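Chain order of the listed sequences is Z and L.
Per the UniProt record's numbering, the very first residue in the first sequence carries number 1; after that it's consecutive.
Per the UniProt record's numbering, the very first residue in the second sequence carries number 1; after that it's consecutive.
Ideal placement from N, C-alpha and C gives every residue a C-beta, glycine not left out.
Nothing here was measured: the structure is a model prediction, and the numbers come from that model.
Written below as C-alpha cells is the structure these notes are about.
Protein chains: 2
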Amino acid sequence: MPRGDDKLSGQTTPTINDVAALAGVSKKTVSRFINKSSLMSDATRDKVSRAIKQLGYVPNPQARALALRRNFMIAMLHDNPNGQTVLNFQKGVLAAIKDSELALAVRPVDRTSPELLVEIEAFLSMQRPLGVLILPPISERDDIVDLCKRLDIAYMRIGSTALDDPAHCVASNDRAVVHELTTALLAKGHRDIGFVRGPEGFRSPVEREAGFRDAFADSGVTLDESLIGQGNYRFDSGLEAGRALLGRKNRPSAIFASNDEMASGVLHAAYSFGLSVPDDLEVVGFDDTATASHVWPTLTTVHWPIEEMGRLAAMKLVSEFLGGTTDEFDLDQVVVDSYIVERASARLT
Amino acid sequence: MPRGDDKLSGQTTPTINDVAALAGVSKKTVSRFINKSSLMSDATRDKVSRAIKQLGYVPNPQARALALRRNFMIAMLHDNPNGQTVLNFQKGVLAAIKDSELALAVRPVDRTSPELLVEIEAFLSMQRPLGVLILPPISERDDIVDLCKRLDIAYMRIGSTALDDPAHCVASNDRAVVHELTTALLAKGHRDIGFVRGPEGFRSPVEREAGFRDAFADSGVTLDESLIGQGNYRFDSGLEAGRALLGRKNRPSAIFASNDEMASGVLHAAYSFGLSVPDDLEVVGFDDTATASHVWPTLTTVHWPIEEMGRLAAMKLVSEFLGGTTDEFDLDQVVVDSYIVERASARLT
DNA sequence: TTGTAAGCGTTATCAG
DNA sequence: CTGATAACGCTTACAA
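Set out below in C-alpha cells:
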C-alpha cells in the first residue's frame, strides 16, 4: 500500500507520478508545470494540465515543504493588546490568501519577555513560513527583522508610518488624519482640546500626537500643554486621564483620545462628572473598532484601515509565490488611507 | 552542500543523522526517541538524549509531516460573527499549545456557501492538521464532523451544550447559568422580564432561552410570551428588539439579552426612551466580552468561558501527541462552567 | 525543452 | 531492543 490510500473508499490520492504517467511525461515536467516554469512547450503544458484536471491532482504541500525547505503558510507575529485590531488584520490577511493553498499561522508573543527573540527564532526555523507579517508595536523592532533576514524569511512590517522600504512595509497615515480631525475641531471653535496620549516607547502614539500638535501649529492656536494626558491605550487609562482633564477648573470642551478604548474611558469619565456628550463635551477617538459604535453616544473616530492593511500586506508578501494575480493592485503601495467617521460624540459640520 | 547550511554563520542545522552518528546508533533509534517509543533500553535513551542536547537538535516538522502524512498544526474552523469570541477562544488554544512545536492555523468559513464542505475538505486534505477545533455554530453540523472522520483527522466540537461524546466535545452550561441569573432577577421582584432571543437555527439561543423559561417554571411565575423578542446576536437587533419591548404600554422592568452585543443595543434603546439603567430598567447580557465593561453602565452579564474552553479543547485534542503533560487536567472534562458577573446594569443582591 | 538520478529529513517495515 | 532499507511526494542538479 505505497500511497495515501483512502481508507473508506479505496480511492488513492493522485501523486505527481500518476500525473506524469497519465500525461506521458516525467515527474520533473509535472513539477515544472506546478511551479509555473516558463521553460515548457505549450504542447506539454497542455498535456500536463489536462492530466492534472482529469485526476483532480493537488500537489502535496508537505512534500513540497520538505523539498523547498519552506512551508506553505504565512505567519502573523504580534504582541498587540487590542484583540479587535489583531482580528481585523487577520480578516484582511485571510481575504488575501483565501483562494490560495496557503495557511495562516497566528503567533502571539510577549514583547517584555527576555526570551522574545529566541522564541521567535524557534518558531520561525521550525515552521519555516513563506513569510511573516509583523504587527505593531513589535514591527518597530529591528532585531526581529534582522532575524527574518538571517533566516531568509520574507517579512512585512505594519505600522503607523513607513517603517521600512516599500517592499517590506505597509503603513497608515495616522499623523495626517489626526491633523485633519483636530483641525476640524479647531474650526468648530474648540480651543481647549484635551489629548490622551498612547503608551510611551512606541511609534503610533508619537505619530498621533504629532498630528494633533501639527494642527494647532498650522491653525495658529496655542496648545495648552497641561491638556495633554498620558494613557496606555487601555480603557482604564482613558477613564483616569479623562477624570483628570475634566476635574480641572477650565475643563476642555473636547477631548481627543488616541484610541477608541481610551475614548470609551473618557466617556465614562464624562458621565461620572454628570457631563453630557456631545453637548457639554465632544469626544473623538481613533481606530473605529466595534467599540466605537457600541458606546453611548456612538463615537466619532478615525477609521484605521487595519483590515485593508492586512490584505495589502499579505498580497505583497505572497505575490511572488502566486504569480499572475498581482496585476490588480500596486505592489509598491505602502500607505493605506485612514478616514474620519462622524458619529454622535462629536459633530464636525 | 547537502544539508540546511546557514548562509551567514556557516553553521549547519543538525539532522537526525548527525544525532545518530554522535550517539553511535541508527537514525531509526533516534526516531524512536523523538516519538517517545517505549521499546528502548535506558542506556540508549540516555545516549540519544545526550547527543540531542549537545547538538541542539530539533526534529524537522516538514520531514515528519511528509513521513507521517500529518502536519504539526491544529486548525480552528469557524464561522462566527463575533470577533471577540473567536479571538478569546484563540487565546485559550494558543495558551495550550504555547510550549509545543505546534502551530495554529485559523480558517474562517462561510456557512451559507454551497461550497462549504468542498472548501473545508480542500483545506483539510491539503494542510492535514493533527486535529480541528470546530467553533459554534458550525460545530453543530454533522456533515463537517463526518468529513473529519472520513479524512481521519481528530476533531473537537465546541458548543453551548455537549454536542458529541466526551472525547470530541467541550461545552459550556448556558442553560443552567441563564436559569440562575433569571432566578436572581425574579427573586428581586421582577415579574415582567423581557428576553431577546438569538438567531434561529442554532443551538446556543435555544439553550439560553430554555434556561430562561426553566427559571419561570421553577419559580412558579407565568411567563408573558409577548415579552420574548427575536434577535440575531447583533447590536442592531438588540436595539430594535429593545425598542419594541420598551415601547409597550406595560414595559418590562428588566431585559435579558442573550448576548452582550444585543444587550448593548438594548441599552441604546433605553436611552432613546429616556430611561435610566438600572433605575428604570435593569439589563443583563451574556458572554462577558470586552463590550460588557465598556458600555455605560457596565453590563451585568454571564461570563462565558470561551477562552478556557479553547484551552481545554486544544489540550484534549493534542494530548495524545504530547504524552506526559496530560496529568494536569481531566481528559474527560466536557463542561466548563459559566458564572454571573455583576456590574452596574443590574444589581442582583 | 525534457528526463535521470540524487536528494530533502523523517518514519515504517521487517529482519536480526 | 536495534538497525538496514525502502518509502513519503516533490525539487534541484546535471545531462541529454
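Quick one: residues in its chain with C-beta nearer than 7 Å to the C-beta of residue i, no 5 flanking neighbours on either side, listed in chain order?
i	result
I34 of chain L	P59
L317 of chain L	I74, G131, L133, A154, M156
S139 of chain L	R157, I158, G159, L163
T44 of chain L	V25, T29
Let me see if you follow: with CB-CB separation under 7 Å, is residue i close to chain L or not?
i	result
L66 of chain Z	yes
G83 of chain Z	yes
A184 of chain Z	no
P61 of chain Z	yes
P114 of chain Z	no
S264 of chain Z	yes
E101 of chain Z	yes
L87 of chain Z	yes
L94 of chain Z	yes
H190 of chain Z	no
H168 of chain Z	no
What would DSSP say about residue i, mapped onto helix, strand or coil?
i	result
Q230 of chain Z	strand
S253 of chain Z	coil
H189 of chain Z	Correcting the residue type first, residue 189 of chain Z is Gly in the shown sequence and not His. G189 of chain Z falls in the coil class under three-state DSSP.
L104 of chain Z	strand
T300 of chain Z	strand
G242 of chain L	helix
N88 of chain Z	helix
residue 351 of chain Z	Beyond the ends of chain Z as shown, which are 1 and 349, falls residue 351 of chain Z; an answer cannot be given.
G198 of chain Z	coil
Step through the CB atoms of chain Z and report whether any lies within less than 7 Å of the CB of residue i.
i	result
Y57 of chain L	no
W304 of chain L	no
Y271 of chain L	yes
T291 of chain L	yes
P137 of chain L	no
H268 of chain L	yes
P14 of chain L	no
P127 of chain L	Reading the sequence as shown, one finds Gln at residue 127 of chain L and not Pro. So, interface residue.
A105 of chain L	yes
L117 of chain L	no
residue 361 of chain L	Lying before the first or after the last residue shown, residue 361 of chain L is absent from chain L, which here runs from 1 to 349.
T326 of chain L	Low confidence applies to T326 of chain L: its pLDDT is 48, below 50, so where it sits in the model is not reliable, and the reading given next is rough at best. For T326 of chain L, the answer is no, since every Cβ of chain Z falls outside 7 Å of its Cβ.
L317 of chain L	no
P108 of chain L	yes
L239 of chain L	no
H179 of chain L	no
Going by C-alpha to C-alpha distance, which of the options sits closest to residue i?
i	options	result
L267 of chain Z	Z:N71, Z:P297, Z:E140, Z:P137	Z:P297
D143 of chain Z	Z:F123, Z:F216, Z:T161, Z:V118	Z:V118
K149 of chain L	L:R107, L:H168, L:G211, L:S272	L:H168
A95 of chain L	Z:Y57, Z:P108, Z:V93	Z:P108
S160 of chain Z	Z:R347, Z:H303, Z:E320, Z:A346	Z:H303
L275 of chain L	L:A63, L:G265, L:L246	L:L246
S172 of chain Z	Z:V335, Z:R343, Z:A346	Z:V335
Q54 of chain L	L:A23, L:L68, L:S41, L:D330	L:A23
R234 of chain L	L:G211, L:S226, L:G198, L:A215	L:G198
K91 of chain Z	Z:T15, Z:L312, Z:D218	Z:L312
T12 of chain L	Z:F256, Z:D224, Z:A67, Z:S125	Z:S125
Q62 of chain Z	Z:S226, Z:T15, Z:R111, Z:D165	Z:T15
Between which residues of its own chain and residue i is the CB-CB distance below 6 Å, once the five residues before and five after are set aside?
i	result
I306 of chain L	T85, N88, F89
R270 of chain Z	The sequence given here places Ala at residue 270 of chain Z; Arg does not occur at that position. Cβ within range, chain order: V277, L281.
A210 of chain Z	R175
V106 of chain Z	M76
L348 of chain Z	A184, E342
A263 of chain L	A257, V283, G285, L299
Pull up the distance between the alpha-carbon of residue i and that of residue j, whole angstroms please.
i	j	result
S253 of chain Z	V341 of chain Z	20 Å
D99 of chain L	V178 of chain Z	41 Å
G285 of chain L	F273 of chain L	19 Å
V170 of chain L	D260 of chain L	22 Å
I52 of chain Z	S31 of chain L	35 Å
D6 of chain L	K27 of chain Z	In this predicted model, D6 of chain L has a pLDDT of only 40, less than 50, meaning its place in the structure is not dependable enough to derive any value.
F216 of chain Z	L181 of chain Z	11 Å
R48 of chain Z	V19 of chain Z	This sequence places Val at residue 48 of chain Z; Arg is not what is there. Approximately 7 Å between the Cα atoms of the pair.
G83 of chain L	L68 of chain L	34 Å
D192 of chain L	G310 of chain L	36 Å
Should residue i be listed as close to the ligand ATP, given that the test is whether its C-beta is under 6 Å from any heavy atom?
i	result
A105 of chain Z	For the structure depicted, the ligand ATP is absent and the ligand set is empty, with no information on it obtainable.
Beta-carbon within less than 8 Å of residue i's beta-carbon, same chain only, minus the 5 sequence neighbours each way: which residues are those?
i	result
S113 of chain Z	E119
D218 of chain L	H179, T183
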